[in-house]
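Sequence lines, in order, name chains A and B.
Just so we're aligned, residue 52 is where the first sequence starts under my numbering, counting upward by one.
Just so we're aligned, residue 52 is where the second sequence starts under my numbering, counting upward by one.
Glycine residues also receive a C-beta, built at the ideal position from the N, C-alpha and C atoms.
The structure under discussion appears below in the form of structure tokens.
Protein chains: 2
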Amino acid sequence: MKKNNKQKGCVLWFTGLSQSGKSTTADAVYKILKEKRKLNVERLDGDVVRQSLTKDLGFSEKDRNKNIEKVTFIAKLLSRNNVIVLASFISPYRKAREKIRKEVNNYIEVFCNCPLKICEKRDTKGFYKRARKGDIENFTGISDPYERPKNPEIELKTGKLPIEKCADTIINYLEKNKLI
Amino acid sequence: MKKNNKQKGCVLWFTGLSQSGKSTTADAVYKILKEKRKLNVERLDGDVVRQSLTKDLGFSEKDRNKNIEKVTFIAKLLSRNNVIVLASFISPYRKAREKIRKEVNNYIEVFCNCPLKICEKRDTKGFYKRARKGDIENFTGISDPYERPKNPEIELKTGKLPIEKCADTIINYLEKNKLI
Chain A
52 MKKNNKQKGC VLWFTGLSQS GKSTTADAVY KILKEKRKLN VERLDGDVVR
102 QSLTKDLGFS EKDRNKNIEK VTFIAKLLSR NNVIVLASFI SPYRKAREKI
152 RKEVNNYIEV FCNCPLKICE KRDTKGFYKR ARKGDIENFT GISDPYERPK
202 NPEIELKTGK LPIEKCADTI INYLEKNKLI
Chain B
52 MKKNNKQKGC VLWFTGLSQS GKSTTADAVY KILKEKRKLN VERLDGDVVR
102 QSLTKDLGFS EKDRNKNIEK VTFIAKLLSR NNVIVLASFI SPYRKAREKI
152 RKEVNNYIEV FCNCPLKICE KRDTKGFYKR ARKGDIENFT GISDPYERPK
202 NPEIELKTGK LPIEKCADTI INYLEKNKLI
């Protein structure tokens, strides 16, 4: 039988531009919580979710909101069963994010604040290049807006801070707020 | 901080005709596990899921399978984080059920075996009446097949057994298999 540790369910919601470091930071936090601390943690990632749960949806505001709604449903079920959810989604619309905050247990907004210039320079998937050419529509930061969080629980300068520092900031936050 | 008990994640999958007692039995089990034993349990119910997660889907075989696929995704995430999932879906296709078995942790098929005659007599929602008239298409048992489980972990004669007995059978199974 697996050991269950004392932990509270919560949703760490990583928002930011494409290539701003959302998934990388979430993965680093996952490793610490899951492998080192043996907690119940689940990753929900934009790319993965779109391949399985919402493969019929596009990137218009309406479809993005539908996507986030379905993820919220899952995050709600997990967090109320004491699971820590690490969700990384561009989630560019403030209104949509506020809806998640109301729905789930212990919503923690993590703003991955990385300048567009740096995101575009990274461009590991070549998306920015294609978006600039006009080959991809509704691309956040280029042809679609990103509404910056006004009062995120955590803001990470992911353009200059190393991943380990970002992960530490989050772990410290969870400990300080007695979530782990 | 909530107390976490020692428990293993599993998926109790209630399958059977409409009105066969799937949801009622699952609700009774939920009460025991959640309220009495304070375990991490989650209900996934056909009607509820279709209103939130999959409201765009119909009842053709293809759409039914899509619905079940999405539910499986959630059941997988919950069960691997030590949550007990009580899922009640007609889920008439054997192949679709076998897919769930492969995907999730500790799949337990609960066949709510109630004769069609009794289900039709109950008909609290008036669905059978409408299906007989031809007002509802793809209605399991009337105009659509129900493929009976061949080797369910648990078979409940929900046509004659009282709910409490059915719930007890399930609790006993979980205890015997050291899942709670």
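Option in A:Lys208, A:Lys227, A:Asp195, A:Tyr224 with minimal Cα separation from Lys7 of chain A
The question about residue 7 of chain A has no answer here: the residues shown for chain A are numbered 52 through 231.
Does any C-beta atom of chain A lie closer than 9 Å to the C-beta of Lys89 of chain B?
no
Sub-9 Å separation of Val161 of chain A and Thr76 of chain A beta-carbons:
yes
Count Cβ pairs between the stretch 62-74 of chain A and the stretch 133-153 of chain A that sit closer than 8 Å; are there 3 or more?
yes
Taking CB distances under 9 Å as the criterion, tell me whether Leu225 of chain A reaches chain B.
no
From Leu84 of chain A to Lys168 of chain B, what does the alpha carbon distance come to, in whole angstroms?
52 Å
Does the beta carbon of Ser69 of chain B come closer than 9 Å to any beta carbon on chain A?
no
Extent of the continuous beta strand (DSSP E) to which Leu167 of chain A belongs:
Counting along the chain, Leu167 of chain A falls outside any beta strand (DSSP E), though it belongs to the alpha helix (DSSP H) covering 167-173.
Along the stretch 107-138 of chain A, where does the CB come closer than 7 Å to a CB of chain B? Name the residues.
Lys121, Phe124, Ile125, Leu128, Leu129, Asn132, Asn133, Val134
Any beta-carbon of chain B closer than 9 Å to the one on Leu63 of chain A?
no
I'd like the span of the beta strand (DSSP E) that includes Glu112 of chain B, first residue to last.
No beta strand (DSSP E) holds Glu112 of chain B; the alpha helix (DSSP H) holding it covers 112-130.
Cα separation between Cys165 of chain A and Gly97 of chain B?
42 Å
Could you tell me whether any Cβ in chain A is nearer than 9 Å to the Cβ of Val80 of chain B?
no
Any chance you could list the alpha helix (DSSP H) runs of at least 4 consecutive residues sitting entirely within the stretch 135-212 of chain B, in chain order?
145-154, 167-173, 178-184
Can you tell me whether Asn228 of chain B is buried or exposed? The criterion is at least 16 other CB atoms within 10 Å of its CB, across all chains shown.
exposed
Taking 6 Å as the limit between beta carbons, can you name the residues of its chain near Tyr179 of chain A, skipping five residues before and five after?
Glu171
Gln58 of chain A and Asn118 of chain A: beta carbons closer than 9 Å?
no
Return yes when at least one heavy atom of the ligand MN lies under 8 Å from the C-beta of Asn157 of chain A, else no.
The ligand MN is not part of the structure shown, which contains no ligands of any sort.
Chain-order list of residues whose beta-carbon lies under 8 Å from that of Asn116 of chain B (same chain, five-residue window excluded)
Tyr144, Ala147
Starting from Ser103 of chain A, find everything on chain B with Cβ-Cβ shorter than 9 Å and list it in chain order.
Glu120, Lys121, Phe124
How about Val155 of chain A: is its C-beta nearer than 9 Å to some C-beta of chain B?
no
Report yes if the CB atom of Ile125 of chain B is closer than 9 Å to the CB atom of Leu108 of chain A, and no otherwise.
no
Could you tell me if Pro200 of chain B is buried or exposed, where buried requires 16 or more neighbouring beta carbons within 10 angstroms of its beta carbon?
buried
Do you know whose CA, among B:Lys73, B:Gln70, B:Ile141, B:Leu225, lies nearest Glu204 of chain B's CA?
B:Leu225
Using the beta-carbon of each residue, which ones in chain A are nearer than 7 Å to Glu93 of chain B?
Leu128, Asn132
Nearest-angstrom Cα separation, counted from Gly67 of chain A out to Val80 of chain B
42 Å
Taking the beta carbon of Val122 of chain B as the centre, do at least 16 other beta carbons fall within 10 Å, making it buried, or is it exposed?
buried
DSSP-derived helix/strand/coil call for Ile105 of chain B:
One point to set straight first is that residue 105 of chain B is Thr, not Ile, in the sequence displayed. Thr105 of chain B: coil per DSSP, three-state reduction.
Quick check on the burial criterion: 16 or more other C-beta atoms within 10 angstroms. Buried or exposed for Gly185 of chain A?
exposed
Spatial neighbours of Asn189 of chain B within its chain, please: CB distance less than 7 Å, with the 5 preceding and 5 following residues excluded, ordered by chain position.
Phe110, Ser111, Asp195
Rounded to a whole number of angstroms, what is the C-alpha to C-alpha distance between Glu149 of chain B and Arg181 of chain A?
42 Å
Buried or exposed: which applies to Lys106 of chain A, given that a residue is buried once 16 or more other Cβ atoms fall within 10 Å of its Cβ?
exposed
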